[in-house]
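Numbering (this note's numbering), first residue to last: 44 to 547. First the structure, in the form of structure tokens, and then the observations on it.
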Ligand code: TRP
């Protein structure tokens, strides 16, 4: 079964695009992009963002699509065909995302499920966080412990929701891609669009919304000379476009032979960017409303990530009264759930594709085992120290793992193997040779600009790491948890790459 001729295939290019955009659009678009804009110069941040998109994001997306499509394989299979000794580079991201990033990503979706239910119930029984949303989140909901090492007991509501999230992931991925991921994304993505537009238009009508939008987009050009602004832009591009995850390689491997890869990369990345940009209006309108209600500045109330979604946003909801706040909250957290799920299934699919390519196991059994191990791995993030662990693992895998994979991919294809043939493949598969301008843009990016800028960013971050250890945690915790996760997944990747290919 399952040799290269009867691998799964997308039913339509539209289905593929929905799945690729589904992977790209996730929690990061909603709670991170708008914050980064606000922090890094408002509208002016769009400049570093688009620069990063055009010199690294799109070229790398083209590269990952082309790799998967030309070699017709998941990340390890495709890279093994590039060069035997590079197979580990395909395994590493799918392993560290499958047994790292998605473990806590699913727990966060579990938090969203909890908050969605609580918001819905507040319509008639009032908000449980009405007194103090911050204390509620950290003390009552997470029951955060004092240190990284005191795990305490499991939080049962979080645990239940996390089980639910894993079951949904499992039930989608155990079917072949066209009946699983593709069918799910055909429901998720239109739903996500509808929910998001509802949020945006509703939020824009709130008093004070314009103050928020101003804080989101009012440009401050002076910040563009700061390194951090550029680091943030590149980091956001990687996480948001699912680059360096091994996902886009697997997704492209299910495409039919005749496709226009460059066009698909443009559509995927622009849709992702547009989504982030539009979602920002919903987030900042709410912040503007809240600032006006409590007589503060937008700057004074804004935070990013979990703090935004689970502390500030819930507080804003309480100001609107039970009915309005409860309803808007339900929609907001449902939006996060849908955006998150369409991303998390993408890595399960990518890991599954990798293991299927190599070991020819029965898909349903493989997905059941993978999701069960994944669920067990999520448990530590459901503990009372979960947020600490999440923060550390995220910092290392997300901050270094993805960009390192991207950097090595560029060097590998740009300098050592088949650069010309890969470029020709872009032309052949679309039916006409690519234009000279596009060809030289891609060449320059993959050879010089993308690897150069990634190297610089990784170097700056590492230097910062040494001068002040991450997040004020004990150095031992950072080294053991962060470094350990990076090393272990790396060993696992090397180990997997040494196992024999079945039926070859
Ligand atoms: N792009 C997603 C976001 O912006 C992140 C993401 C994509 C992801 N694929 C994933 C996270 C797989 C975990 C697992 O949020």
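Glycine is no exception: its CB is placed at the ideal position from the N, C-alpha and C atoms. In this text the structure is predicted, and so the values were computed from the model without any measurement.
Residue 188 sits in coil when the DSSP states are folded into three classes, being neither helix nor strand. Residue 110 is positioned such that its CB atom lies closer than 9 Å to that of residue 125.
Within the region 146–200, not a single complete alpha helix (DSSP H) segment reaches 4 residues in length. Here the region 328–347 makes contact with the region 247–256; the two share three or more CB pairs at distances below 8 Å. Its Cα nearest to that of residue 386, the residue 216 stands out among 372, 216, 107. In the three-state reduction of the DSSP assignment, residue 51 falls in the coil class, being assigned neither a helical nor a strand state. A distance below 6 Å between beta-carbons, with the five flanking residues on each side excluded, links residue 445 to the following residues of its chain, in chain order: 281, 287. Just measuring C-alpha positions, the residue of 300, 149, 410, 263 sitting nearest residue 437 is 149.
In this chain, the alpha helix (DSSP H) harbouring residue 417 covers 406–421. Taking the CA atoms as reference points, residue 161 sits about 25 Å from residue 432. Burial of residue 205 is indicated by the presence of at least 16 other C-beta atoms within 10 angstroms of its C-beta. Linking residue 238 to residue 129 through their CA atoms gives a straight-line distance of about 42 Å. The alpha-carbon separation between residue 540 and residue 122 amounts to approximately 11 Å. Relative to ligand 1, even the nearest heavy atom lies 8 Å or more away from the CB of residue 369.
Collapsing the DSSP output to three states places residue 285 in coil. From the listed residues 107, 144, 368, the smallest Cα separation to residue 69 is found for 144. Using a cutoff of 8 Å, the CB of residue 69 counts as near ligand 1, since one of the ligand's heavy atoms is closer than that. Within the chosen limit of 8 Å, ligand 1 does not reach the beta carbon of residue 246 with any heavy atom. Taking C-beta atoms under 8 Å as the contact rule, residue 85 and residue 315 fail to qualify, at a distance of about 20 Å. By the CB criterion at 9 Å, residue 292 and residue 140 fall outside the cutoff. Taking a cut-off of 8 Å on C-beta distances, the region 152–169 touches the region 367–383, as three or more cross pairs fall below it. By the criterion of at least three beta-carbon pairs nearer than 8 Å, the region 372–382 is not in contact with the region 93–104.
For residue 104 and residue 308, the gap between their C-alpha atoms comes out near 6 Å. Residue 349 and residue 102 have their alpha carbons spaced roughly 31 Å apart. Residue state for residue 117 is assigned as coil, using DSSP reduced to three classes. According to the DSSP assignment, residue 73 belongs to the alpha helix (DSSP H) that extends over 70–74. By the beta-carbon neighbour count (other beta carbons within 10 angstroms, threshold 16), residue 190 is exposed.
Around residue 346, the same chain offers 78, 354, 355 as residues with beta carbons nearer than 8 Å, after the five sequence neighbours per side are excluded. Beta-bridge partners assigned by DSSP to residue 426: 197. For residue 282, the Cβ falls inside the 8 Å cut-off from some heavy atom of ligand 1. Closest in alpha carbon position to residue 138, among 532, 542, 544, 197, is 532. For residue 392, the secondary structure class from DSSP, reduced to helix, strand or coil, is helix.
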